[in-house]
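Reviewing the structure listed below.
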Amino acid sequence: MKNLLQLFKRGVVALSLFGLVSTVACAPVFAGTTSELRFQRMSALGADQLSTLSLLQDRQGFIWIGTNNAGLYRFDGYHSEKYQSVANQATTLPHDRISALYEDSDGRIWAGTQNGLARFNPETNDFTRFILDSGPSNQRIIKAISSDGKSGLWLATWGGLQHFDTISGKFTLFAHDATRPDSLGKNDLNAIAVDKQGGVWAGTWPAGIDYLRPGSQSFQHFRVDDESAPDSKLNIVRSILLDDQDNLWMGTENGVVRWNTKSDWSTRQRLDTPSSRVNALYTDRNGVLWAATLSAGLLRWDEKQQRFTQFVKQAIDPYSLPSDDVRAILHDRGGMLWVATLTDGIALTNLNSRGFKRVIPFDADANNPRPNNSLLRVIGRGDGKLWLSSNSGVALFDPMTGEVLKQYRADKKRKGSLSNDLAYSLYQEKNGPLWVGTSVGLNRLDAAKDQFSLIQFGSIADDYINVIAPGEEGVLWLGTGDSLIRYDLGSNNFRKFTPDPKDPDSRSAKGTTVILRDKKGHLWAGAEWVGGGLDMLDVSTGKFRHFKHNPNDESSISADNVSSLYEDAKGRLWVGTINGLNQIQIAADGVVRFKRFNGSNSIGAAKVVAIESDQQGKLWLSTVDGLIRFDPETEIVDRYTVSDGLSDNFAGPSHRSAEGILYFGGTKGMTAVYPDRVSRITVPPQIAITDISVFNRSLKNGKAPQGVVLNGSVTAPKSLSISQQESVFSMEFAALHFTNPGQNRYAYRLAGFDRDWVEVDADHRNATYTNLNPGEYTFQIKATNDLGIWSDHISSLNISIPPRYWQTVWFKWLLFFAVSGLLFAIYRWRVGHLTRDQARLESLVAVRLQELVAQQQLNRDNAERMQAILQNAADAILTTDKNWVIESCNRAGLEIFAWTAEGMKGKVFTKLCVDNLSERLAQGIAAPDFIEKGHTEMEVQLMRADGSPFIAELSLSGFADAGQRKFILIVRDVTEQRRVEKLKTQFVSTVSHELRTPLTAIRGGLGLMVGGATGELPAAAAKLGQIALNNAERLARLINDLLDMQKIEANMMDFNYQTVPASQLLSDVIESNQPFAQKLGVHLALENGVADCAIRVDVDRFAQVMANLMSNACKYSPKGESVILRASHPTQSALLIEVVDHGPGIPLDFSERIFQKFSQADASDTRAKDGTGLGLAIAKEMVEKMEGKIGFYGNPLGGTIFFVEFPVQK
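Going by mature numbering (1 follows the signal peptide of the UniProt record, and there is no 0), the letters in the sequence shown line up with residues -27 to -1, 1 to 1183, in that order.
Below is the structure:
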């Protein structure tokens, strides 16, 4: 402070010296842009919110993000909680533009908005507003917030400097007063800083910087520019920062000015920066100063070099800064640097990973707007410079300056140019020429002429030079698309080594992609794409030894596709494959074995593209998933990815410089590795509960359901009490470590319920518990960062589930005494009741005993009665065991079989049969009908005791006796009955045949006579002749019906089944019955309501059935009426055909026997309607034989509807 007072006494002199100091300060030139940091863009917040103004990490670890017009976000690494201004809701933000964020010593979050100050209330998840009621609106535009070191806040607004008392809520305004020279220089403030003494530095626009001493009302004014070289932009101070060395850093409209407050004001320095507004100044956790600019990106101050390094947006680099308009900077506790931009969201880069530097060799320019930074080979020239090859030719690159010194491209118009831009391989000996393997041959660079000469090897495949490796003196080994080539530089001769199926000592694969000549002179070769394993060539004999993968041999190579070879300083040979790393181990007897390092607890099964070793002997492996550092002595593995600063995860070709720097090429440039600097600051994560839900209802808004009491906020809970009715709750949590949140892991348990920790990944950060018993529990959570480092402490939350009143101890004691008293009372009552019951029971027992005696006598009587029935039954009744051995037989059975009782018992019933009865009985008891009903019937031929056969009807039933299966067989002798039926059938056939022959002659003669063949008959004779003809026709029909019925009953009627379209059948029915209907004066109509379908029937039998139904309908319908033939589908699988008449109908008492033989409603109908009474019985039998159904029902309009139904054929 003393120096500060002296400063003001010499104010004029100080300003005059600024120009000199500024000139001296500018001596270290500006470092220019770099790509060494890899920025990763954070996913958009909310509805693609990209415009951000302010950043804060609170003491819990949450990231708070203030936006330009979308409010405030709280981010936990996975999800963001959004807070916005809502009109007429005082508990929301006063405005959605958040320019300043601050956390005070009590952990309260303050937000400076475009319309006042707001404090976040974590218990209720809302805000309290603090807004000046009077004055112009610009006094409510808050640009910066700082603590006064006590209980107040200093606010920089566009309406002056304000002090806010957080206890009383009172604002004190310090504003510009033109009548007071010691008032604030200007009201437009963008930045403030409070020094150790409590003085306030305020950056104004455009009056430079003002200082307010503690307890004073007067301001001291400092002009930032030099009076001798005025620059008004320097007096527009946008940002201020006081560092630990008492340096005051000022970000102006035109760069950065630094001044040590313990020295004279004249010593201030204008630092060399790009011409741009400096929006913010920030010191990270390592003490490094960063500057956020309006149009020049991000600046980092190098204290040793006394200069800024610039990071800007580069169109060719997707991992550069997303925008050059940077508004805020934050270095979180996990080491991530957050860079908030106005137009393109937030970018993050990891400052905790050291020793890696991104190198982007080729920049975009007018001639090359899309440069190719995907490298195929990297080698050193011997002077610290690198040769790089790609599919865009070859370039000489200086890694110290980042400059491409030369480029060689194919140019057919220029002599000595590179033969092809696709440069697969490079090789150069010290002080020797550069060799380039392209897709059309080998190129040799003549450095003196700066021209290439081309060597080719006779085929397209052999001119694909995949790899170049040194051999013995004056020899190069080339791996081509078709062979392995030994090229003698002196004689310009070459020899190809290719596979020969007839020579087991030849090369195992056609192509070659990796070659190594070890220190012992062995030549090793492999092919990544075509496989074939690893070959070792004995140069003296030209013979190869082959080493291939054997899945049953752990000492074989891990894969046949070899991608890299390397020999370390100790002479150990290493082989990289598409399935991890191998070490070659050669025994004294020449046996070669491979030690694999591809297990999950080692390097893994990643493809090893290249291998290098550092000066400490550790191996560095480039893989498709990043870099791996492997210590061969301890076998410790460290993995590095883009989050550590690699150019991209695909690390390809490699080179180690003389200085020990390792270069790994990738698809987006190179990564330079400084092995001695590689380190990670492994910060354990902070852990926070991000949500508590009870029955899926979040407690964030502070409105807990009835029975739930949360002490504290959701994100910082102190205790939780949940009633049993609400005992289904969930905890959501997050490790607030933002390097790679997706790789953080978690372990939780509910002490008092879980026995062990439950470990989960980042996608399952939620624990749910249901229906817990009353008691005290502790929810505990711990987590790791992306490197697997567990948090230092376990976060805990005490959870209480109070018992319901009936679960309390006092209630249980009360219940115990009540139940005990009740039980004693019940006991006394029960003793008395039992005494009374005993007397009653003794009386009942005596009565019951008498009833039992009577019942036993009744049972004996019933048994005797049943035995008498069985013995007097006309049918044989037998019982057998499960093997058909006869156990009993009644008297009728003995008579039928002509056996004595002793002779019958013990015989096997199946042996009493003429045919194979055993098989039929087995089929019968296995039939579904027997299984369902326990009964079946069949007709069999049995034998009597003398061997004579007889026909019997057998009824079989099963029963169980003492757990054993047994059978009851009832046998009825039907031999005589079948003989009579056979005689009847023969009689009907004979009579029918004897009648049909003369009847045919009679019908023919009568027909000719009535038809006039013998001349015209008298009327009386003609009438008598017609009567005789009609009766003859009726007798013929009767005979035909009798024959049909006899065939059906004898199962002798043949059916010729055909699948016929229904429409055709219906049309034939109408056509064939039309003459009969016309004769009776009845009209036939067809109603076909079906689509094309078919049924399977005998066409003639179907026509006979329908003729019967149609003729009946016509005969019983009055003259002039219609008979309708109607077809429909009651279901998709059935065809329904109905015959509808309008006759007198069928009497109800006749409906049950209408399908019986010789049945008609009235016997007179037989005469009047010329019927036999057999038609419907025959029709029913025929329909059922054709798997159909037949029936009828009354027509509501009068008459009868007969129907048949058949299944539809597909």
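Glycine included, each C-beta is placed from N, C-alpha and C at the ideal position.
*asked:* What does the alpha-carbon distance come out to for the pair residue 504 and residue 281?
replied: In this model, residue 504 and residue 281 are separated by some 51 Å (Cα to Cα).
*Is the beta carbon of residue 83 sitting closer than 7 Å to the one on residue 92?*
Yes. Within cutoff.
*According to DSSP, what are the bridge partners of residue 266?*
251
_Can you give me the C-alpha to C-alpha distance between residue 625 and residue 350, rounded to a whole angstrom?_
8 Å
*asked:* Looking only at its chain, what residues have a beta carbon closer than 7 Å to the beta carbon of residue 59, apart from the 5 residues adjacent to it on each side?
replied: 65
*asked:* Please classify residue 663 as buried or exposed, where buried requires at least 16 other C-beta atoms within 10 Å of its C-beta.
replied: Classification of residue 663: buried, given that the 10 Å Cβ count is 16 or more.
*Output yes or no for whether 7 Å exceeds the beta carbon distance between residue 118 and residue 85.*
For the 7 Å CB-CB criterion, residue 118 and residue 85 form a contact.
_Which residue wins for smallest C-alpha separation from residue 147, given the options 130, 140, 163?_
Taking residue 147 as reference, the option from 130, 140, 163 with the minimal CA-CA separation is 130.
_For residue 668, the nearest candidate out of 164, 740, 686 (CA to CA)_ = 740
*With distances taken from CA atoms, which of 617, 41, 1054 is nearest residue 12?*
617
_Rounded to the nearest angstrom, what separates residue 689 and residue 50 at their Cα positions?_
17 Å
*Terminal residues of the continuous beta strand (DSSP E) containing residue 940?*
937 to 946
*For residue 601 versus residue 567, is the C-beta spacing smaller than 7 Å?*
no
*asked:* Please list the terminal residues of the continuous alpha helix (DSSP H) segment that includes residue 898.
replied: 890 to 899
*asked:* If contacts are defined as beta-carbon pairs under 8 Å, then residue 238 and residue 195 qualify, I think. What distance do you get, rounded to the angstrom?
replied: 6 Å
_residue 1096 - partner residues in DSSP beta bridges_ = 1057
_Within 10 Å of its beta-carbon, does residue 497 have 16 or more other beta-carbons around it, so buried, or fewer, so exposed?_
Buried.
*Assign residue 221 to buried or exposed, taking buried as 16 or more other Cβ atoms, counted over all protein chains shown, within 10 Å of its Cβ.*
buried
_With DSSP as the reference, identify every bridge partner of residue 753, one or two as the case may be._
Listed as beta-bridge partners of residue 753 by DSSP are 722, 769.
*Taking just the CA atoms, how far does residue 299 sit from residue 266?*
5 Å
*Where does the unbroken beta strand (DSSP E) through residue 703 begin, and where does it stop?*
702 to 708
_Short of 6 Å in beta carbon distance, which residues of its chain neighbour residue 384, apart from the five on each side in sequence? Order them along the chain._
390
*Whole angstroms is fine: what's the gap from residue 854's alpha carbon to residue 941's?*
Distance from the CA atom of residue 854 to the CA atom of residue 941, rounded to whole angstroms, is 9 Å.
_Touch test, the region 395 to 406 against the region 354 to 364, Cβ-Cβ under 8 Å, three pairs minimum_ = By the criterion of at least three beta-carbon pairs nearer than 8 Å, the region 395 to 406 is in contact with the region 354 to 364.
*asked:* Please list the terminal residues of the continuous alpha helix (DSSP H) segment that includes residue 1081.
replied: 1072 to 1089
*By how many angstroms is the C-alpha of residue 481 removed from the C-alpha of residue 581?*
21 Å
*When you compare each of 521, 325, 490 to residue 511 by their alpha carbons, which one comes out closest?*
490
_Helix, strand or coil at residue 1137 according to DSSP, with G and I counted as helix_ = Bear in mind that a pLDDT of 44 at residue 1137, under 50, signals an unreliable position, so the number given afterwards is only what the model happens to contain. Residue 1137: helix per DSSP, three-state reduction.
*How about residue 1194 and residue 901: do their beta carbons lie closer than 7 Å?*
The structure shown has nothing for residue 1194, since the chain only spans -27 to 1183.
*How should residue 232 be labelled, buried or exposed, when 16 other C-beta atoms within 10 angstroms of its C-beta is the threshold for buried?*
buried
*Measure the Cβ-Cβ separation of residue 1224 and residue 721 and say whether it is below 7 Å.*
In the structure as shown, the chain starts at -27 and stops at 1183, and residue 1224 therefore has no counterpart that could be examined.
*Would residue 26 pass as a contact of residue 72 if the rule is Cβ separation under 7 Å?*
yes
*According to DSSP, is residue 477 helix, strand or coil?*
Coil, per DSSP.
*The beta strand (DSSP E) spanning residue 691 covers which residue range?*
690 to 695
*Distance between beta carbons of residue 407 and residue 415, contact taken as under 8 Å*: Actually they are not in contact, since the Cβ atoms of residue 415 and residue 407 sit about 11 Å apart, beyond 8 Å.
*Is it true that the CB of residue 709 sits closer than 7 Å to the CB of residue 34?*
Cβ distance < 7 Å, so residue 34 and residue 709 count as in contact.
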